[in-house]
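For the protein sequence lines, the chains are P and G, in the order given. Quick note, the first sequence lines up with residues 1 to 272 if you use our numbering. Quick note, the second sequence lines up with residues 273 to 658 if you use our numbering. Don't be surprised by glycine CBs; every beta carbon is placed ideally from N, CA and C. Comments concern the structure below.
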Amino acid sequence: MSMDRRKFLKAAGLTTLVGLGGKGVFELLRPGAVEAEMAHESHGHDKHHEQEAGPKVRWAMLIDVMALNKEKIEKIVHTCHYLHNVPNWGDPKNEIKWIWEDEYEHVFPDSYNEYNHILEGLPFLLLCNHCDNPPCVRVCPVQATFKRPDGLVAQDYHRCIGCRFCMAACPYGSRSFNWLDPRVQLKKEMAHGRKLNKQFPTRMRGVVEKCNFCVERLAEGKQPGCVEAVPDVMFFGNLADPNSNVRKILKERISLRRKLELGTKPSVFYLI
Amino acid sequence: MIEKALKGSSVYWGWIIFLLCLIGAGMMAYLYQLKVGLGITGMSRDISWGVYIAQFTYFVGVAAGGVMVVIPKYLHHYTKYGKIVVFGEFLAIAAVVMCLLFIVVDIGQPMRMLNVVLHPTPHSMLFYDMIVLNGYLLLNIICGYNTLLADKKGVPCPGWVKPFIYISIPWAISIHTVTAFLYAGLPGRHFWLTAIMAPRFLASAFAAGPALLIMILLFVRKVTKFDPGDEALQTIAKTVCYAMIANLFFMGCEFFTAFYSQIPGHMHTLEYLFAGLDGYGNLVPFMRAAIVIGLFGVFLLLVPRIRRNPKGLALACASVFLATWIDKGVGLVIGGFIPNPFETITEYHPTLPEITIAAAIWGVGGLIVTILYKVAISVREEQARV
Numbered sequence: 001m002s003m004d005r006r007k008f009l010k011a012a013g014l015t016t017l018v019g020l021g022g023k024g025v026f027e028l029l030r031p032g033a034v035e036a037e038m039a040h041e042s043h044g045h046d047k048h049h050e051q052e053a054g055p056k057v058r059w060a061m062l063i064d065v066m067a068l069n070k071e072k073i074e075k076i077v078h079t080c081h082y083l084h085n086v087p088n089w090g091d092p093k094n095e096i097k098w099i100w101e102d103e104y105e106h107v108f109p110d111s112y113n114e115y116n117h118i119l120e121g122l123p124f125l126l127l128c129n130h131c132d133n134p135p136c137v138r139v140c141p142v143q144a145t146f147k148r149p150d151g152l153v154a155q156d157y158h159r160c161i162g163c164r165f166c167m168a169a170c171p172y173g174s175r176s177f178n179w180l181d182p183r184v185q186l187k188k189e190m191a192h193g194r195k196l197n198k199q200f201p202t203r204m205r206g207v208v209e210k211c212n213f214c215v216e217r218l219a220e221g222k223q224p225g226c227v228e229a230v231p232d233v234m235f236f237g238n239l240a241d242p243n244s245n246v247r248k249i250l251k252e253r254i255s256l257r258r259k260l261e262l263g264t265k266p267s268v269f270y271l272i
Numbered sequence: 273m274i275e276k277a278l279k280g281s282s283v284y285w286g287w288i289i290f291l292l293c294l295i296g297a298g299m300m301a302y303l304y305q306l307k308v309g310l311g312i313t314g315m316s317r318d319i320s321w322g323v324y325i326a327q328f329t330y331f332v333g334v335a336a337g338g339v340m341v342v343i344p345k346y347l348h349h350y351t352k353y354g355k356i357v358v359f360g361e362f363l364a365i366a367a368v369v370m371c372l373l374f375i376v377v378d379i380g381q382p383m384r385m386l387n388v389v390l391h392p393t394p395h396s397m398l399f400y401d402m403i404v405l406n407g408y409l410l411l412n413i414i415c416g417y418n419t420l421l422a423d424k425k426g427v428p429c430p431g432w433v434k435p436f437i438y439i440s441i442p443w444a445i446s447i448h449t450v451t452a453f454l455y456a457g458l459p460g461r462h463f464w465l466t467a468i469m470a471p472r473f474l475a476s477a478f479a480a481g482p483a484l485l486i487m488i489l490l491f492v493r494k495v496t497k498f499d500p501g502d503e504a505l506q507t508i509a510k511t512v513c514y515a516m517i518a519n520l521f522f523m524g525c526e527f528f529t530a531f532y533s534q535i536p537g538h539m540h541t542l543e544y545l546f547a548g549l550d551g552y553g554n555l556v557p558f559m560r561a562a563i564v565i566g567l568f569g570v571f572l573l574l575v576p577r578i579r580r581n582p583k584g585l586a587l588a589c590a591s592v593f594l595a596t597w598i599d600k601g602v603g604l605v606i607g608g609f610i611p612n613p614f615e616t617i618t619e620y621h622p623t624l625p626e627i628t629i630a631a632a633i634w635g636v637g638g639l640i641v642t643i644l645y646k647v648a649i650s651v652r653e654e655q656a657r658v
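Below is the structure:
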């Protein structure tokens with residue numbers, strides 16, 4: 001029996017609807033979940049086919065907590081916030097943060113160890129985790145935040161309607177909302193000597209923003225700004241490639257990820 | 273029919289002018305918010321939803337509550353509700369319009385609102401919320417207007433309206449279920465991450481919506497010639513009573529799971545709301561009052577002698593309305609953000625412009641109810657004369 005284009009499309013549509021085409025209704029509710037599941041299954045069957053099953057690129061960030069200090073943190077935060085024209089409001093109500101420092105007990109609130117305080121004094125850098133299974137992407141009603149094939153969780157400032165559903169959904173508090181006009185604040189800061197990065201857009205008020213893993217630099221084949229600022233502390237690479245720099249380090253060092261129990265699969269690792 | 277809203281006493285016009293002033297003040301405040309940004313509200317990076325979304329959530333419940341008079345009338349042919357079902361539908365219209373306005377004032381880029389339609393996103397619960405709320409508004413306009421028009425002409429409701437009435441029943445359930453799903457599916461927000469959220473939303477909705485309806489109808493009976501009927505009011509009161517008991521029971525279930533499991537994340541928000549946490553406890557007096565007032569309302573409704581007394585009934589319904597409002601229209605949304613993902617606490621203090629805008633939306637709701645009820649009552653009064 002021959003099948004013309006029309007019939008084929010009909011059949012394809014129907015099978016997709018009932019879930020026979022690989023992606024079913026569950027895919028609508030949990031984007032990315034099915035791919036992850038399929039990749040997982042094939043991992044189990046044959047470890048040699050790891051590369052073929054999953055995505056070819058999944059960017060990840062490693063932060064060597066033991067090598068961080070105040071000076072380096074300042075450099076990292078300054079570099080990032082300069083590169084992306086993040087205003088410094090100076091008050092917690094309106095603040096915008098892409099990368100910032102916090103204490104162990106706030107970064108890992110469920111892992112407090114009352115008998116060992118080694119980790120407590122250490123500086124932890126917080127940023128968007130670029131989750132493999134990101135709740136923010138799931139809830140966004142306009143796909144203004146979306147997952148790219150290389151694993152980056154991107155944010156479209158021009159499509160965002162500012163409903164802040166993603167902020168409620170993010171379990172890591174990684175997202176900031178422009179409560180006031182950031183350009184007004186940037187102008188004020190420029191009057192006091194701040195420089196604007198003309199290579200990156202400023203935002204308007206009423207939209208959400210966050211760390212973008214320097215997608216604009218990756219496009220030019222560069223490393224993220226923070227990694228370039230402190231190459232001995234932060235490492236960026238392809239998690240999907242077993243021979244990548246990050247995979248090699250992860251094999252050797254002990255690493256932590258935030259709130260793994262939530263199933264978000266963060267791509268930011270803290271090396272201890 | 274709408275011309276009937278243009279004839280009224282000086283008190284009626286005074287009330288309309290008062291509401292218009294309220295709305296005018298809110299519009300000024302909203303223009304200010306449009307110009308400066310949502311920074312004029314008390315919301316922050318930690319408390320990213322405030323009064324607006326909390327009120328939105330509460331009034332979705334009030335809207336859904338209207339179905340509690342539609343079901344007995346159309347599924348059980350309970351004729352005592354025949355004269356008042358339209359009031360339930362009109363209340364739902366006002367409540368849904370309020371919900372939509374609360375969303376509009378909450379979003380940072382309202383001019384991009386249509387992006388929700390231009391980029392439909394079936395994995396976002398907000399997408400479904402947009403569909404069900406607008407659908408519910410349309411259904412209630414169709415059903416409410418046509419049943420009243422038929423009444424006015426003294427003919428039975430046209431047959432084509434019936435399917436819309438039947439669809440509106442599960443649709444009412446859906447609006448509050450989807451609204452609960454906005455919250456109940458977020459990882460990392462322990463207070464919201466509960467399977468009982470949708471049932472509890474529905475229980476409090478079926479208490480709050482009908483309670484408000486009774487209060488308005490008692491007032492209507494006092495100032496107009498229209499009598500909704502004692503038996504009808506008493507039956508709605510029983511619905512309010514059962515629903516409020518279910519709501520309090522569900523709340524108790526939340527307490528049990530949190531405090532018997534002793535999981536810190538599950539206890540923290542409840543501790544913050546009802547006892548105070550780490551020295552923070554802005555909402556404690558309100559939340560405790562909500563429990564006491566809620567129990568008091570249930571007690572009043574349970575005692576037949578009090579329930580049958582119009583003053584007792586009004587007090588009971590006011591108690592239920594206030595208790596559910598504090599619980600859902602304040603504590604539920606704000607509480608979900610406390611503590612924040614870093615287990616630290618930022619409290620929320622709404623600002624004057626924010627409250628003015630919210631009050632204006634209440635004013636819009638009041639205006640819609642007033643006008644629609646005025647029309648409906650005029651029709652009922654004419655019938656009584658004939």
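Task: Through-space distance from L373(G) to H395(G), alpha-carbon basis - done: Walking along the second sequence from the start, residue 395(G) turns up at place 123. Walking along the second sequence from the start, residue 373(G) turns up at place 101. The straight-line gap from Cα to Cα measures roughly 23 Å.
Task: Residue nearest to A648(G) in terms of C-alpha spacing, selected from L410(G), G416(G), A326(G) - done: As a working mapping, residue 648(G) is identified with position 376 in the second sequence. Looking at the Cα atoms, G416(G) is the closest of the given residues.
TODO: Rounded to whole angstroms, what's the CA-CA distance from F491(G) to P382(G)? Just pull it up for me.
DONE: On the second sequence, position 219 is the one that residue 491(G) refers to. On the second sequence, position 110 is the one that residue 382(G) refers to. Roughly 37 Å between the two C-alpha positions.
- [ ] Report yes or no: is there a C-beta of chain G within less than 8 Å of the C-beta of A154(P)?
- [x] Along the first sequence, one-based indexing puts residue 154(P) at 154. So, not an interface residue.
Task: Partners in chain P for E615(G), counting only beta-carbon separations shorter than 7 Å - done: Position 343 of the second sequence, counting from 1, holds the residue named residue 615(G). Chain P residues near E615(G): H106, P109.
Task: Contacts that H621(G) makes with chain P (C-beta to C-beta distance below 7 Å) - done: Locating residue 621(G) in the second sequence gives position 349, where the first residue counts as 1. The contacting residues do not exist; H621(G) stays about 10 Å from chain P at best.
Open item on the list: Using C-beta distances below 8 Å, list every residue in its chain close to A529(G), excluding the 5 sequence neighbours before and after it, in chain order.
Closed with: Taking the second sequence and counting its residues from 1, one reaches residue 529(G) at position 257. The sequence shown places Thr at residue 529(G), rather than the Ala named in the question. The answer, listed in chain order, is T466, H538.
TODO: Within the same chain, show all residues whose beta-carbon is closer than 8 Å to that of E120(P), passing over the 5 residues directly before and after it, in chain order.
DONE: By one-based count along the first sequence, residue 120(P) stands at place 120. Excluding residues within five positions, the ones whose Cβ falls inside 8 Å are E103, Y104, E105.
Task: Within chain G, the residues that T264(P) reaches when beta carbons sit closer than 9 Å - done: Taking the first residue of the first sequence as position 1, residue 264(P) is located at position 264. Under the 9 Å cutoff, chain G gives P459, G460.
- [ ] Give the residues of chain P in contact with V377(G), contact being defined as C-beta atoms less than 9 Å apart.
- [x] The count along the second sequence starts at 1 and reaches residue 377(G) at position 105. Simply none; closest approach about 11 Å.
Open item on the list: Just to confirm before moving on: does the CB-CB distance between G338(G) and A301(G) stay below 8 Å?
Closed with: Sequence index remark: in the second sequence, residue 338(G) carries index 66 (1-based). Sequence index remark: in the second sequence, residue 301(G) carries index 29 (1-based). No, they are not a contact pair.
Open item on the list: So V377(G) and Y324(G) are supposed to be a Cβ contact under 8 Å. How far apart are they, rounded?
Closed with: If you number the second sequence from 1, residue 377(G) lands on position 105. If you number the second sequence from 1, residue 324(G) lands on position 52. The pair is a contact, with the Cβ atoms about 6 Å apart (cut-off 8 Å).
Task: Beta-carbon proximity check, V107(P) vs L126(P), cutoff 8 Å - done: What you label residue 107(P) is simply residue 107 of the first sequence in a count that begins at 1. What you label residue 126(P) is simply residue 126 of the first sequence in a count that begins at 1. Yes, they are a contact pair.
Task: CA-to-CA distance, R247(P) to D46(P), given in whole angstroms - done: Looking up residue 46(P) in the first sequence gives position 46. Looking up residue 247(P) in the first sequence gives position 247. Only weak support exists for where D46(P) lies, its pLDDT of 45 falling under 50; the value from the coordinates is given anyway. Cα-Cα distance, rounded: 19 Å.
Open item on the list: Quick check on the DSSP output: what are the complete alpha helix (DSSP H) runs of length 4 or more inside the stretch 558-635 of chain G, in order along the chain?
Closed with: 576-580, 582-598, 604-608
Task: Proximity below 8 Å, CB of V592(G) to CB of L555(G) - done: Residue numbering aside, residue 592(G) sits at position 320 when the second sequence is read from its first letter. Residue numbering aside, residue 555(G) sits at position 283 when the second sequence is read from its first letter. Result no, Cβ atoms of V592(G) and L555(G) do not sit closer than 8 Å.
Task: Below-8 Å beta-carbon distance, W634(G) vs any chain P residue - done: To locate residue 634(G), count along the second sequence from 1; it is residue 362. Closer than 8 Å: no.
TODO: Just confirm the distance between the C-beta atoms of A632(G) and M299(G), as a whole number of angstroms; I'd bet it's less than 8 Å.
DONE: Residue 632(G) sits at position 360 when you count from the first residue of the second sequence. Residue 299(G) sits at position 27 when you count from the first residue of the second sequence. Yes, they are in contact, since the Cβ atoms of A632(G) and M299(G) sit about 7 Å apart, within 8 Å.
Open item on the list: At the level of alpha carbons, what is the spacing between P536(G) and G314(G)?
Closed with: To locate residue 536(G), count along the second sequence from 1; it is residue 264. To locate residue 314(G), count along the second sequence from 1; it is residue 42. Cα to Cα, the separation comes out at about 27 Å.
Open item on the list: Closest to H158(P) by C-alpha separation, out of N88(P), C80(P), R205(P), F235(P), would be which residue?
Closed with: The residue labelled residue 158(P) in the question sits at position 158 within the first sequence. Ranking the options by Cα distance to H158(P), first place goes to R205(P).
Open item on the list: Strictly under 8 Å for the Cβ-Cβ distance: is A191(P) near chain G by that measure?
Closed with: Numbered from 1 along the first sequence, position 191 holds the residue referred to as residue 191(P). It does not; no Cβ of chain G falls within 8 Å.
- [ ] Spell out whether any CB of chain G is found under 8 Å from the CB atom of F124(P).
- [x] In the first sequence, the residue the question calls residue 124(P) occupies position 124. Chain G, which has no Cβ nearer than 8 Å to the Cβ of F124(P), makes this no.
Open item on the list: Just verifying my parser: in three-state terms, what is the DSSP assignment at L239(P)?
Closed with: In the first sequence, counting from the first residue as 1, residue 239(P) sits at position 239. Coil at L239(P), not helix or strand.
- [ ] Could you tell me which of C160(P), I118(P), E252(P) sits nearest to V137(P), measuring between CA atoms?
- [x] Along the first sequence, one-based indexing puts residue 137(P) at 137. Residue C160(P) is the option with its Cα nearest to V137(P).
Task: Beta-carbon separation (whole angstroms), G237(P) vs A60(P), contact threshold 8 Å - done: The sequence position of residue 237(P) within the first sequence is 237, counting from 1. The sequence position of residue 60(P) within the first sequence is 60, counting from 1. That pair is a contact at about 6 Å.
- [ ] For L180(P), go through chain G and note every residue whose CB falls closer than 7 Å to its CB, in chain order.
- [x] Taking the first sequence and counting its residues from 1, the one referred to as residue 180(P) is at position 180. Near L180(P) (Cβ distances below 7 Å), the residues of chain G are V308, G309, G311.
TODO: For chain G, find out if any of its Cβ atoms is closer than 8 Å to the Cβ of G237(P); answer yes or no.
DONE: Along the first sequence, read from residue 1 onward, the residue named residue 237(P) stands at position 237. No, G237(P) does not count as interfacial toward chain G.
Task: Sheet register partners of C100(P) (DSSP bridge) - done: To locate residue 100(P), count along the first sequence from 1; it is residue 100. Residue identity differs from the one stated: residue 100(P) is Trp in this sequence, not Cys. Answer is L126(P), bridged to W100(P).
Task: Cβ of M385(G) within 8 Å of any chain P Cβ - done: On the second sequence, residue 385(G) is found 113 positions in, with the first residue counted as 1. So, interface residue.
Open item on the list: For L489(G) and L644(G), what's the separation of their Cα atoms in angstroms?
Closed with: Here residue 489(G) refers to the residue found at position 217 when the second sequence is read from its first residue. Here residue 644(G) refers to the residue found at position 372 when the second sequence is read from its first residue. Each residue's alpha carbon lies about 13 Å from the other.
Task: Cβ-Cβ distance between T451(G) and F473(G) below 8 Å - done: If you number the second sequence from 1, residue 451(G) lands on position 179. If you number the second sequence from 1, residue 473(G) lands on position 201. Cβ distance < 8 Å, so T451(G) and F473(G) count as in contact.
Task: Ranges of the alpha helix (DSSP H) found wholly within the stretch 421-475 of chain G, counting only runs of at least 4 - done: 433-456
Task: Amino acids of chain G, ordered along the chain, whose beta-carbon sits closer than 8 Å to that of D232(P) - done: In the first sequence, counting from the first residue as 1, residue 232(P) sits at position 232. Chain G residues near D232(P): none, gap ~27 Å exceeds 8 Å.
TODO: Could you tell me which chain P residues have their CB closer than 9 Å to the CB of H391(G), listed as they occur along the chain?
DONE: For this step, residue 391(G) is matched to residue 119 along the second sequence. Result: P141, V142, Q143, A144, R159.
TODO: Taking 8 Å as the threshold, find out whether the stretch 605-613 of chain G comes into contact with the stretch 277-293 of chain G through three or more Cβ pairs.
DONE: no
Task: Proximal residues to I285(P) (C-beta, below 6 Å), its chain only, five neighbours per side dropped - done: In the structure as shown, chain P begins at 1 and stops at 272. Residue 285(P) is therefore absent and cannot be evaluated.
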